[in-house]
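Okay, so the sequence shown: first residue is 1 according to the UniProt record's numbering, each after it adds one. We put the CB at the ideal spot given by N, CA and C, even for glycine. Remarks on the structure that follows.
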Amino acid sequence: MYQLDITLKRGQNLAARDRGGTSDPYVKFKLGGKEVFRSKTIHKNLNPVWEEKACILIENPRQPLYIKVFDYDFGLQDDFIGSAFLDLTSLELNRQTDVTLCLKDPHYPAHDLGSILLSVLLAPREEQPEVFQTQSLRLSDLHRKSQLWRGIVSVTLIEGRELKAMDANGLSDPYVKFRLGHQKYKSKIVPKTLNPQWREQFDFHLYEERGGIIDITVWDKDAGKRDDFIGRCQVDLSTLSKEQTHKLEMPLEDGEGCLVLLVTLTASAAVTISDLSINSLEDQKEREEILKRYSPMMMFRNMKDVGFLQVKVIRAEALMAADVTGKDSFSFCDSKSDPFCVVELNNDRLLTHTVYKNLNPEWNKIFTFNIKDIHSVLEVTVYDEDRDRSADFLGKVAIPLLSIQNGEQKAYVLKNKQLTGPTKGVIYLEIDVIFNAVKASIQTLMPKEQKYIEEENRLSKQLLLRNFGRMKRCVMVLISAAYYISSCFDWDSPPRSLAAFVLFLFVVWNFELYMIPLALLLLLAWNYFLIVSGKDNRQHDMVVEDMLEDEEEEDDRDDKDSEKKGFMNRLYAIQEVCVSVQNILDQVASFGERVKNTFNWTVPFLSWLAIVALSVFTIILYFIPLRYIVLVWGINKFTKKLRSPYAIDNNELLDFLSRVPSDVQVVQYHELKQEPSHSPSKRKKNNPV
């Protein structure tokens with residue numbers, strides 16, 4: 001094992017790829033077909049200065065390090081500038097070496113594309129002793145030795161001041177991009193202003209003890225063409241003290257104005273990887289410490305630390321063969337995969353080792369996470385490792401934390417990428433969740449954590465039709481209710497109209513404000529009674545499932561059609577409008593479905609929380625006059641900015657509904673039944689193929 005320390009210094013005379021005779025260059029380093037490092041983007045510069053450092057572990061020094069330079073194009077495919085490779089066997093061990101690499105394009109070998117300057121140091125790396133050899137290792141020691149990141153950086157984007165005008169109307173539509181290593185965030189767009197108010201929060205993982213640099217760029221959104229660059233700034237985290245909130249006013253380089261940020265560095269949450277020999281929940285003393293940490297007595301300590309999650313990734317069976325080495329693609333004796341497993345909880349992402357040439361791998365790893373939102377979904381994905389290209393998808397499962405049965409080893413049938421249907425193979429997991437119910441309830445009313453690795457929505461005919469159908473179903477419920485009320489007025493059914501008339505007189509004559517939450521409370525109680533008595537009228541939404549299957553077929557076609565470029569680029573503005581309509585339809589339909597699923601007891605924890613809240617509202621409205629309630633509400637609203645100037649605005653009701661799954665998510669999280677051939681009693685031996 002070797003360690004390669006690289007300092008990417010600068011580029012010289014790089015080729016221009018933009019219309020203005022410049023480029024926005026960045027550099028990718030690849031080893032064994034996999035990207036191991038990517039530099040920041042230097043805008044509008046053919047002689048960029050990066051001065052970035054990277055540390056790469058090398059197993060085989062005979063593998064060359066490939067360096068590729070690209071020109072960043074927002075919204076389009078990045079332009080290739082040139083590439084080079086570094087022969088690691090030519091380096092002298094333990095000696096710092098300056099290297100100049102000339103960039104070449106294989107299609108145009110005679111063209112001068114510039115060069116990049118590196119400083120490299122290759123050194124043998126001593127094998128680290130196993131930290132998991134003894135079962136007597138304490139949990140605190142385990143967390144310290146196997147901790148994967150050093151801390152969490154919380155960045156609150158408050159506002160921009162006096163930004164540069166980029167549009168003809170003398171204004172801009174600014175948004176901000178943040179990048180720390182491979183972690184990226186993008187703020188919302190604030191239209192037509194030079195003094196935008198964002199008030200958004202983002203969390204980054206800090207992997208280096210000495211800190212890191214957050215690269216911040218400000219852009220002006222332009223529909224139908226490339227977005228305009230407004231300016232940039234950087235935050236050097238090594239200059240900030242920990243466990244303290246810093247208010248920063250960052251002037252923009254290459255532009256005008258400044259950004260106002262709040263930056264806080266905190267200690268890392270306990271996120272670890274270990275072997276099955278180290279199981280904190282099987283150690284009675286350690287288990288008691290964890291239970292004590294999340295007991296009701298600790299409900300007001302560290303409100304963001306909601307709970308503890310332990311995931312045992314044991315094995316998988318009958319996986320799909322992603323690598324076929326024989327001439328005949330149906331020759332299964334020559335089929336194999338190199339599977340590894342990725343476990344994700346929001347922005348925490350951990351990996352197992354790769355088991356080579358095996359369709360029935362055994363990983364036997366334990367992952368632990370700190371839970372910040374009990375409504376999070378645990379995602380476990382199996383990939384096939386490919387040295388010459390990106391990993392192949394083999395299967396995936398999504399498990400809501402509230403649906404987990406503690407301490408039970410279960411076989412989960414793997415699903416496709418869209419989580420709409422089964423794919424080949426099963427994975428065996430054992431999961432434990434410990435959480436504080438009071439903290440979890442309070443966090444339910446807080447803004448939901450944003451994932452920084454979510455795929456951007458793209459235009460899809462099937463997705464557009466699906467969202468339109470979902471919204472139509474919600475609207476039809478309202479229309480049906482309106483028809484029902486109209487039929488009562490028209491006396492289509494005299495007994496029904498008479499009953500409605502008497503009920504109307506009784507309710508109006510005796511109406512009090514507290515009856516509104518009381519009516520919702522009674523609706524929840526009635527649905528709960530139907531479920532308990534076995535008269536559950538909820539049905540698995542086959543319509544939505546069929547729509548999702550159609551979308552999957554459309555996605556397969558889109559992957560092929562995406563290679564045909566040009567036409568969609570010319571219709572970029574129309575596509576953007578269609579994507580916006582598609583997303584709005586999704587949001588409207590999801591809102592209606594979440595309201596329905598709240599009263600349908602789809603997630604019992606949330607329905608019980610709604611019962612508690614509605615009961616409190618009913619009691620308050622019954623005993624306290626409305627004018628006093630409105631007075632307290634108004635005083636709170638008017639003084640909120642005075643008490644907390646940089647507080648992030650949120651709506652507790654919308655935050656609550658964001659935790660309720662839509663019909664699409666209910667289908668995606670639905671656990672598929674395991675085929676009899678995959679039962680544990682019929683488990684096959686691990687035979688490499």
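Asked: Our contact map puts I116 next to V69 with C-beta atoms below 8 Å; I'd like the distance itself, whole angstroms only.; Found: 7 Å
Asked: Against chain D, does I624 count as a neighbour if the rule is that its beta carbon must be under 9 Å from one of theirs?; Found: Structure shown: chain D not included; a single protein chain is present.
Asked: What is the C-beta distance between L394 and Y383, in whole angstroms, given that I count them as a contact (C-beta under 8 Å)?; Found: 6 Å
Asked: When the Cα of L4 is compared with those of R10, Q96, L402, which residue comes out closest?; Found: Q96
Asked: Under the three-state reduction of DSSP, which class applies to G592: helix, strand or coil?; Found: helix
Asked: Terminal residues of the continuous alpha helix (DSSP H) containing A15?; Found: It is not in any alpha helix (DSSP H) - A15 carries neither H nor E in the DSSP assignment.
Asked: Which two residues bound the contiguous beta strand (DSSP E) that contains A316?; Found: 307–317
Asked: Along the chain, where does the beta strand (DSSP E) containing Y483 start, and where does it finish?; Found: Where Y483 is concerned, there is no enclosing beta strand (DSSP E), although the alpha helix (DSSP H) it sits in stretches over 461–490.
Asked: Going by the beta-carbon positions, is the gap between E385 and F340 smaller than 9 Å?; Found: yes
Asked: Pull up the CB-CB distance for L521 and T618, whole angstroms please, since I reckon it's below 8 Å.; Found: 6 Å
Asked: Considering only residues of the same chain and omitting the five flanking positions on each side of L657, which have a CB-CB separation below 8 Å?; Found: F591, R594, V595, T598
Asked: Is the segment 80–99 in contact with the segment 108–122, if contact means three or more CB pairs nearer than 8 Å?; Found: yes
Asked: Considering only residues of the same chain and omitting the five flanking positions on each side of T354, which have a CB-CB separation below 6 Å?; Found: D338, F340, E385
Asked: So, are the CB atoms of I531 and W601 less than 9 Å apart?; Found: yes
Asked: Rounded to a whole number of angstroms, what is the C-alpha to C-alpha distance between K564 and Q418?; Found: Low confidence applies to K564: its pLDDT is 44, below 50, so where it sits in the model is not reliable, and the reading given next is rough at best. Each residue's Cα considered, the two are about 23 Å apart.
Asked: For my contact list, L240 and V260 are in at a C-beta cut-off of 8 Å; report their separation, rounded to the angstrom.; Found: The Cβ separation is near 16 Å, so there is no contact.
Asked: How is the beta strand (DSSP E) around F511 delimited, first residue to last?; Found: From DSSP, F511 is part of no beta strand (DSSP E); its letter is neither H nor E.
Asked: In whole angstroms, give me the CA-to-CA distance for P251 and I216.; Found: 11 Å
Asked: Nearest-angstrom Cα distance between G82 and K28?; Found: 11 Å
Asked: Helix, strand or coil: which one does DSSP assign to M303?; Found: coil
Asked: Mark Y294 as exposed unless 16 or more other C-beta atoms lie within 10 angstroms of its C-beta, in which case mark it buried.; Found: buried
Asked: Any heavy atom of the ligand ATP closer than 8 Å to the Cβ of G212?; Found: In terms of ligand content, the structure shown is empty, and the ligand ATP therefore cannot be addressed.
Asked: Is L142 helix, strand or coil when you go by DSSP?; Found: Because the pLDDT of L142 is 34, which lies under 50, any placement of that residue in the model is unreliable, and the number read from its coordinates should be weighed accordingly. Three-state DSSP puts L142 in a helix.
Asked: Does the separation of the CB atoms of L402 and V603 fall below 9 Å?; Found: yes
Asked: Counting C-beta neighbours from all protein chains within 10 Å, is the total for N436 16 or more, i.e. buried, or is it exposed?; Found: buried
Asked: Check M1 in the structure and name its three-state DSSP category.; Found: coil
Asked: Which word fits S407, buried or exposed, when buried means at least 16 other C-beta atoms lie within 10 angstroms of its C-beta?; Found: As written in the sequence, residue 407 is Gly, which differs from the Ser given in the question. The residue is exposed, with fewer than 16 neighbouring Cβ atoms inside 10 Å.
Asked: In angstroms, rounded to a whole number, what distance separates the CA positions of P106 and T89?; Found: 23 Å
Asked: Give the single residue among Y2, D586, E256, K535 whose Cα lies nearest to the Cα of V664.; Found: D586
Asked: K40 and S23 - do their beta-carbons sit closer together than 9 Å?; Found: no
Asked: Please determine, among I434, K336, N358, the residue with the shortest C-alpha to C-alpha distance to R287.; Found: I434
Asked: Mind checking W526: buried by the 16 CB within 10 Å criterion, or exposed?; Found: exposed
Asked: Would P661 and P400 be called neighbours here (beta carbons separated by less than 9 Å)?; Found: yes
Asked: Whose C-beta lies closer than 6 Å to the C-beta of I213 among residues of the same chain, with five residues either side of it excluded?; Found: Q234, D236
Asked: Mind checking K673: buried by the 16 CB within 10 Å criterion, or exposed?; Found: exposed
Asked: Since I believe L291 is in contact with T368 (beta carbons under 8 Å), could you give me their beta-carbon distance rounded to a whole number of angstroms?; Found: Not a contact, Cβ separation roughly 15 Å.
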